[in-house]
Every structure is written in C-alpha cells, then in structure tokens.
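Top to bottom, those sequences are chains A and B. By the UniProt record's numbering, the letter at position 315 of the first sequence is numbered 315, and the numbering carries on one by one without gaps. By the UniProt record's numbering, the letter at position 248 of the second sequence is numbered 248, and the numbering carries on one by one without gaps. For each residue, glycine too, the CB sits at the ideal point set by N, CA and C. All of these numbers come straight from a predicted model, not from anything done at the bench. Working notes, beginning with the structure itself.
There are 2 protein chains.
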Amino acid sequence: MENTLTLLQESLDAAFKPKSIAIIGASNGARLGGTEMRLLLESGYDGQIYPVNPKEEIIQGHKSYASIRDIPHEVDRASVIVPAKVVPQVIKECAEKGVKVVQIYSAGFSEMGGDGERLEQEMVTTAREHNMRIIGPNCIGTYCPSSGLNFTKGASTISGNIAFVSQSGGIAFDMVSRGHITGIHFNKIISVGNCIDLDHADYLEYLADDEETEIIGFYIESVKNGKRFIDALKKAASKKKVVILKGGRTATGSQSVASHTGNVAGDYQVWEALFDQTGAISVKSIDKMLTVLLSLQKISPIESGKVAIVGNGGGATVLATDYCEEVNLELAELSNLSATSLDQLGVADGGRNTNPIDMPANQLAAEEGRLFGSVMKILAEDSEVGYILFHFNLVPIMNYMDLESIVQKMITELESIDRTKTNLVAVLRYNGEPEVEKIRYKAMKLLESQEIPTFKAIEEGLAGISVIANQSLKGGR
Amino acid sequence: MENTLTLLQESLDAAFKPKSIAIIGASNGARLGGTEMRLLLESGYDGQIYPVNPKEEIIQGHKSYASIRDIPHEVDRASVIVPAKVVPQVIKECAEKGVKVVQIYSAGFSEMGGDGERLEQEMVTTAREHNMRIIGPNCIGTYCPSSGLNFTKGASTISGNIAFVSQSGGIAFDMVSRGHITGIHFNKIISVGNCIDLDHADYLEYLADDEETEIIGFYIESVKNGKRFIDALKKAASKKKVVILKGGRTATGSQSVASHTGNVAGDYQVWEALFDQTGAISVKSIDKMLTVLLSLQKISPIESGKVAIVGNGGGATVLATDYCEEVNLELAELSNLSATSLDQLGVADGGRNTNPIDMPANQLAAEEGRLFGSVMKILAEDSEVGYILFHFNLVPIMNYMDLESIVQKMITELESIDRTKTNLVAVLRYNGEPEVEKIRYKAMKLLESQEIPTFKAIEEGLAGISVIANQSLKGGR
Chain A
1 MENTLTLLQE SLDAAFKPKS IAIIGASNGA RLGGTEMRLL LESGYDGQIY PVNPKEEIIQ
61 GHKSYASIRD IPHEVDRASV IVPAKVVPQV IKECAEKGVK VVQIYSAGFS EMGGDGERLE
121 QEMVTTAREH NMRIIGPNCI GTYCPSSGLN FTKGASTISG NIAFVSQSGG IAFDMVSRGH
181 ITGIHFNKII SVGNCIDLDH ADYLEYLADD EETEIIGFYI ESVKNGKRFI DALKKAASKK
241 KVVILKGGRT ATGSQSVASH TGNVAGDYQV WEALFDQTGA ISVKSIDKML TVLLSLQKIS
301 PIESGKVAIV GNGGGATVLA TDYCEEVNLE LAELSNLSAT SLDQLGVADG GRNTNPIDMP
361 ANQLAAEEGR LFGSVMKILA EDSEVGYILF HFNLVPIMNY MDLESIVQKM ITELESIDRT
421 KTNLVAVLRY NGEPEVEKIR YKAMKLLESQ EIPTFKAIEE GLAGISVIAN QSLKGGR
Chain B
1 MENTLTLLQE SLDAAFKPKS IAIIGASNGA RLGGTEMRLL LESGYDGQIY PVNPKEEIIQ
61 GHKSYASIRD IPHEVDRASV IVPAKVVPQV IKECAEKGVK VVQIYSAGFS EMGGDGERLE
121 QEMVTTAREH NMRIIGPNCI GTYCPSSGLN FTKGASTISG NIAFVSQSGG IAFDMVSRGH
181 ITGIHFNKII SVGNCIDLDH ADYLEYLADD EETEIIGFYI ESVKNGKRFI DALKKAASKK
241 KVVILKGGRT ATGSQSVASH TGNVAGDYQV WEALFDQTGA ISVKSIDKML TVLLSLQKIS
301 PIESGKVAIV GNGGGATVLA TDYCEEVNLE LAELSNLSAT SLDQLGVADG GRNTNPIDMP
361 ANQLAAEEGR LFGSVMKILA EDSEVGYILF HFNLVPIMNY MDLESIVQKM ITELESIDRT
421 KTNLVAVLRY NGEPEVEKIR YKAMKLLESQ EIPTFKAIEE GLAGISVIAN QSLKGGR
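Structure, rendered in structure tokens:
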C-alpha cells in the first residue's frame, strides 16, 4: 500500500509538476498538438519540452524528435495527441522510455465501442509492466498555474486552494474559463477522460495528501471500482472539503453517460447515500459548482452565523428574506446601538430592527458612497452579524450618477472594515447590457482584490453563505 | 358591476393611454420630477403634457402651471411627484379638476407607519367622490411603449403581448431593463405601490379584458381584499396566462413585506392552493419570472412535445439529459432516417439514437457553420421532435475561429428551417468576460430577430421549454 501510494504520488507529481514533457503529436499548426505546445510555451512552463513529430525538424523553436525513443534525456510526462490507431504503439514506446505518466488526449477508444476496450486493456498492461501510469484517453489536458501547464489561453496564473478533477473535458474547460472570471483560483484541474488506468479513486487519494489543496471539486459520471472509490472518498472528505457534480443521475442521463464515456453511471440513490455518509457536498449544475467553490474559497465560517442584507430594491429585499429561510439562514437581529446609528443616518425607521436594509440607488450613491460605507461599518461592528450580503442593482444606480465611479467608491469604502469577525459577500445585479457588463466586470475585479466574492443574483450569494454557515454549525462539515 | 368595470377601464385606459398628462412636481432638474418629464418627451409621447410647478415658468420647453387648477384644458392623467405632506392637497385639486386617474410616485404613507394610513384614507375618499382613481402611492410609474410612457432610459419601444403588474418599483424596473436585453416585449408595466385605491384585483380585471395582453406577470406581496382578488385571479387565469412571483412567502419574508409596503403578506400555503386552483404559474425569483415570460412569449406548444438537444460539451450534454427528466421533458427518439442522415454527416455513431447530440466546437464551426445547419434541419424535419434546444459554449469555439463571425453564420443557417412544426430555443453559454459578452449580446439580438429566445444556461432553456410543453400536455394550461 505504501509502495502504491508512492508510485501514485510520483506519477501524479510528474503529471502536474513535470521536469520534462514530451508532446507526442506536437506541430506548428493550429490544431490540438500545435495549441498544446504553444500554451506550454506561453504559460511559462520552465522545464524541458520535447516535441515529437516525425514530419517536422523544428516545432515552435524546439528540435522535433521522430519518436520518443530518440530523445536523449529523461522524460517525466508525455502528452499524447495522435490518432487513436497510433496510440497503442506510442504508449509502448513511452513505457519503454521510462516515462512516469502519459496523458492521452486522443479519443476513439472504449467510448466509441468496437475494438476500443481491448486496445485500452493492452495499453494498461504495457504501462503497468513499466510502472508507468496513464491519464485518459479522451481528455483535454492539465492545468496547473504554478508549473505553467494549461489547456486554454487567458487562464488565471494565480494558484489557489482548489483542485478540480473532471470526467468531462468541457467541464474542466468551464472551470478554468469561468473560474478565472468569477475569481475562483485553482491549483490543479485535470481532465481524466475514460480512466483506463488512473481513476477517480487515485485522484482522490493523491489530492487528499496534496498540501496545496484544501477543496476538491469533482465532475464524475461513472466509476469502475465502487469499493475503492468509496474508501478514497471517505478518506479525502475526512481531510478536505469535497464537492461533487454527478452526471447521469437520472435514467436518461445515465444512458447519455454510456455514449459519452462508454460506462454505466450507477444508481443515484447509492450516490446520495454516499454523499450523506462522507459529508461530500453534492451539486446538480455547473453554475452551482461554481457558486459552492467560490464560497468555500472566499467565505470563512463565522461563529455568529447570522446574516445582514443591504442594497437597493425593496422587492428584491423581500425575496431575499424569503430565500434566507429556504436555505436555512437566519437574519441577524441588530443591536439597539446599530439600529439607533442606522436611524441617525436616515436608513432605518425609528430604531426598530431594519435588517434587511433597503437602500435605494440614490442612498447608495449618496455622499460619494460614504453613506453606504457607514452602514456597512455599523453592520460589521454588530456582534450579531456574521455575514453581510450587500447587493447593488447596477442599472438603477446609472440613473443617478456615473456608475463606474460610484461603484468603485462604494467598494473602496469597504477597505476599512474589520474582516476578522464579519464576512462580506457582494451581489452585482445587472441587465446583460454590454456597457453595464463592462462596469460589473471591473467592479468584480476590484472586489476580488479585497478578497470579496461576487455573485450574480441575491439567491446565489445567500446559497453561498448557507454552504459555509450551515457547515460551521455542523462543526467543520 | 357593468358600471364599475367601465369606470375601471376608463381610468386604467387613462393611466396607460392618456390623451393628456399633468406632471405635478415636474422640474428642469435631474431628480425624479425632471426625469419623468424628460422620459415622456424622449419616449415619443404625443399627447398633451402639462408640467405643474409653482416655482418655474417654463419646464423643458413647456409652460409650467402653478397648480393643476390653472390648466385650461382637460387632464386625463396626473403623475404626482411632490413631498408626501403636499400630496393630499394635490389629490384634492386633481379630483376637483376632473382628472381620471392619478399615479402617486411619492412615498411616505402607510408603509412608514404614523399618520400615513389616515392620509391615504382621506385621499381615497376624496377621489371616490369625484370618480377619480388612484395608483400608488410609493411607486415608480408606468411603462407603455405604444403611448410613449416610460420610467427609464433605453427601454424597448416594441410592444408585446405581456403586461406586468408590480408591487415593487425595483422589480418593475428590472422587467423593463432586463426584459429589453433578454428580448421580452411588454405592452404595459405598472408599479402599483401601496394600492390604496386601485389594487391587484382591479389590475387583473382590467388586463383580463385587455386585447393587447395574452400573458400577465405579477409581483405581489400582499392583498387587502382576499375574496375579490381570488375572483379576479380566477377570471384572469381562465382567459390569459398568469405568472405570479409572491414576495413574503416565508415567515421572515412576510415580516419584511410589512416594512416594505406596510401590509401583511398572508400564509403562503393559501397562495399555493390558489395557484393550483386557478392554474396560475408560480415562480420564486426574478430570474425565473424572466425565464417563464420569455418562454410564454417566444415558444409555442407543439403537439409532439419531445425535445432534441444539440451543442458542444459532453458533460454539459449528460447534465442536460438529467435535467430533462427533472423538469418532466422527454427526449425525442430520432427516426432511423434522421439517425442515418446524422451518421452520414459524421455526428452520430453507427445509426443509433444519438439525441442529445454532442457536437464539439470544431464540428459546430465546421464548413462555416453549415454542418450545424444540416444537423438542425435533420432534427427539425423529424416528426418526433417538437423542440430543439441548441447550445453553444462560446469560449471553446473562440479557440477554433473568429467567434463573432462563426456564431453569426450558424444563426443564419437557421433561417431556412420550417418553424411551423418545431420550436427553436438557444442557449449561449459564456464565461462573463466583457469581450465574450459583447459577442453574446449581438448573437442574442440576431436570434431575437428570428424570434428565437436565448437563455444563459441549458437548465434555464429546458425549464422554459418545460413550461410550454407541460402546459400543452395539460390542454392549454
């Protein structure tokens, strides 16, 4: 067991932090082999790169090798981007070369039926004989900002405490792309494909011991060895937060899994029991996955788990309080001192408890945002308040003044708030107009620089707080 | 009864299609009285405008009157935007002048406690004596594109088959602003405020007979006369589609209603029973309201209510099929002819049923979008398929080619599809990056010009189809 784990660690270290990479199928062109190579160069990977392509002499400034056997140095990791029919031969060569881990990007194996499964088995046998591990096939690669691995342009270069494992390349891509904009920072994202060798249990085992990782996100459709997976999930969830999006929950979805990865999805009731038993958090959509990851990364549990809400829109405020009850959040009952102070500022009514506080656009914009700042400070100093959700409906504010400048001023007001006892959560509501979206985006980045997470809708922000507050009530889970 | 309805029709016609308007509290400034006047001029209102403000001689190019009594013409409608303490006197003058309906924008009455309720009662008594009706107080105005009434810049000028009644100014505003971007067209939106005279039952009665209106949206927090409301809702819902967002569903939300409008929200179970009994569609958030209104306006029921799904992202496709089952939608089983044709195009696997179809970004972009067009045509011609949801995850497509141009080409391919037997629904997934958002916005407008509704997430699009498909199954409900 100790030995297996060491081999696992060694091979996944080689996958995420390789000292040298061979890109088998690299090219100068625009297709995947060319793009992978380009991304590696652009993302600042500082290990050795060995392109392999018998048809080229130089690829993107690097000497190209006809075969991996011709590389006169050690190769830690190989990325295989060649037609399916060539892959088994390439795998054999990698294994003989002493490569620690290969990630097979190519599709066209068991998920396509036919001969695919037999070919997969042969490759695994070859790899095992040489202590080489296989990721994939049928995947889109690895993202690891600290070592310069990437599978798309424009991804974040900042490493965070979240690792994400995805049985779908598209969802791995969504995490890199949407995560970056949303302000979620990952340390690793891996597209695991058909899992012919390394499978979900292996990734969980590895990440359970990974020092960079506190939160593990998972998109999963099917597992081959249920018992091993359950053990690995129990272990991982006892040490880290694990969030799982299970594809193929329903009968129809389960059929759809078969054509996606060639596997059987399993009965969702069994999965639900497993989530309950291990404390893994289950989500049902990509949007909810992003909401939960952002919350786990940016909101910390506060002992007094109650919420104050402030922002523009009376109707939105009423709906927010409804939603609080639905997600099991309690509104803070403000102290008399807070109520009096709010009353003096003119945003409360005669000293009665006014949480949630409805501040119309003209009040938010008043005194260059300082009125809003004062309200936030009063709430943050109230010991009853654990979390403050503040929401701006951006479009009505535009009617009163220059939206970009006032939003920046309001956000700057938050700098002086003591964040040790209160968590701040922002909601920027907007209408989808490109001009407003541009301002929202800038505001989000400004909030991100203050470590304040931003959500698109009040319900989303409250759901995020609820994940944290209700966990802390249950003692860390 | 006949008389009451006639008076009601007359006064609400005067509210929505006034031949002349007095703006009491108009100004040259930037605050509400100035803005209302400016919007009226800019939105193309072609009736008579009479600004009333004793401190000015000319307001925005129009002669200003010291009092409504000084206007030497008939006044259909008055908009009252003056401090609360002056409102009762103004109402008295309006009533004596023979105004048909006033909308009181000013806040500071029963929702603030104190003397407010008594003042409201006095105003109602005065109005009733003169057959004048009151909308409000505490509201933000009226939107009616066909007559040039508006409460914000940049609203749509196109009239549609939806009327919206809102007990929250902010939510009325959201409907105008977000509806416009989303491609939802309203014929009337009214902010009804505290409903001291005209109340929800009146608006429902009026809209039940309104020829422009087929769909009625409603944000409601509380009603004063439950019996009358129930009767009006039954009548309206028997003739039109009614969609209700109820604020103050929960105990906490209900308290919050009290501070928003000064009323009691009522037990939500009673409301739920009422929705069941009348067939009104109930939603729980602003986002869902927009989803349902867009669907009711843009998707028509098709007898074969089954769905085909096509787009990029294998994981997203699996999750989409899960979601279908959750919202009670059936995936269409494609005919052998369709399956064979798809197979020949290279997007199906050996002729088996491949719905949903996972077309990776490079396939969507292939042949300048014509491959996608061919797939859509095959699906549209399959008699089993009632609705086609097509989804583009925009960011991965950018990796292959110029996103803006390819998306436009793909959308243009849809022009030749026979829409009599198949409904098309678009989902444009994106990451929130301003550059991508700009392209998404243009694509949405292009889709809108083809009467194809666009949703942000696959779940949203399927929820929209489900509203229509499951209604048609239940025979029109």
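- Closest in C-alpha terms to Glu448/A, from the list Asp199/A, Pro301/A, Leu294/A, comes Leu294/A.
- By the neighbour-count criterion, in which a residue is buried when 16 or more other Cβ atoms sit within 10 angstroms of its Cβ, Gln269/A is exposed.
- Relative to Thr454/A, the option among Val467/A, Ala426/A, Val307/A whose CA is nearest is Ala426/A.
- Taking C-beta atoms as the reference points, Ile181/B and Gly432/A count as a pair closer than 8 Å.
- Around the beta-carbon of Leu337/B, fewer than 16 other beta-carbon atoms lie within 10 Å, marking it exposed.
- Within 10 angstroms of the beta-carbon of Thr157/B lie fewer than 16 other beta-carbons, which makes it exposed.
- Checking the DSSP bridge columns, you'll see Ile388/B partnered with Ala308/B, Leu424/B.
- In the three-state DSSP reduction, Asn187/A falls in the strand class (E or B).
- Setting aside the 5 residues that flank it on each side, Leu331/A is surrounded in the same chain by Lys306, Val307, Ala308, Ile309, Thr321, Cys324, Asn355, Pro356, each with a C-beta closer than 8 Å to its C-beta; the list follows chain order.
- The residue among Cys94/A, Gln9/A, Val467/A, Ser285/A with its C-alpha nearest the C-alpha of Glu211/A is Gln9/A.
- Distance between Ala201/A and Asp231/A, taken at the CA atoms: about 8 Å.
- It is roughly 27 Å from the alpha-carbon of Asp174/B to the alpha-carbon of Glu120/B.
- DSSP places Ser466/B inside the alpha helix (DSSP H), whose first and last residues are 458-473.
- Think of a sphere of 8 Å around the beta carbon of Val90/B: no beta carbon from chain A falls inside it, the nearest being about 22 Å out.
- Under the three-pair Cβ rule at 8 Å, the segment 342-349 of chain A does not count as touching the segment 384-396 of chain A.
- In this structure the segment 215-223 of chain B does not lie against the segment 34-41 of chain B, because fewer than three pairs of beta carbons, one per stretch, are closer than 8 Å.
- For Ala237/B and Ala208/A, the gap between their C-alpha atoms comes out near 56 Å.
- Its chain contains Ala361 as the residues whose beta carbon lies nearer than 8 Å to that of Asn399/B, once the 5 sequence neighbours on both sides are disregarded; these appear in chain order.
- Taking CB atoms only, Pro434/A has a neighbour in chain B less than 8 Å away.
- Of the candidates Leu12/A, Ala78/A, Thr6/A, Ala78/A places its Cα closest to the Cα of Ala26/A.
- For Tyr143/A, no chain B residue has a Cβ inside 8 Å of its Cβ, as the nearest lies near 14 Å away.
- The bridge partners DSSP lists for Cys144/A are Leu149/A.
- Taking C-beta separations shorter than 8 Å and ignoring five residues to either side along the sequence, the partners of Ser177/B in its chain run Thr152, Gly154, Ala155, following chain order.
- Between Gly313/B and Gly170/A a beta carbon distance of about 4 Å is seen, short of the 8 Å cut, so the two are scored as contacting.
- Of all residues in the segment 267-293 of chain A, only Lys284, Ser285, Ile286, Asp287 come within less than 8 Å of chain B when Cβ atoms are compared, listed by chain position.
- Put simply, the CB of Asp322/A is near chain B, with a gap under 8 Å to one of its CB atoms.
- Residues of the same chain with a CB within less than 7 Å of the CB of Leu371/B, apart from the 5 flanking positions on each side, are Leu345, Gln363 in chain order.
- Per DSSP, the continuous alpha helix (DSSP H) segment holding Gln269/A begins and ends at 268-278.
- Contact of Glu384/A with chain B is not assigned, every C-beta pair being separated by 8 Å or more.
- By the neighbour-count criterion, in which a residue is buried when 16 or more other Cβ atoms sit within 10 angstroms of its Cβ, Ser282/A is buried.
- Apart from the 5 residues on each side of it in sequence, Trp271/B sits with its Cβ closer than 6 Å to the Cβ of Lys246 in its chain, given in chain order.
- Going by C-alpha positions, Gly179/B is about 53 Å away from Val52/A.
- Around the CB of Ser191/B, 16 or more other CB atoms lie within 10 Å, so the residue is classed as buried.
- Fully contained in the UniProt domain "CoA-binding" (15-109) of chain A are the following beta strand (DSSP E) runs of length 3 or more, in chain order: 20-24, 48-52, 77-80, 101-104.
- Around Glu325/B, the beta-carbon contacts reaching into chain A at under 9 Å are Arg249, Thr250, Ala251, Thr252, Gly253.
- According to the DSSP assignment, Val242/A belongs to the beta strand (DSSP E) that extends over 241-246.
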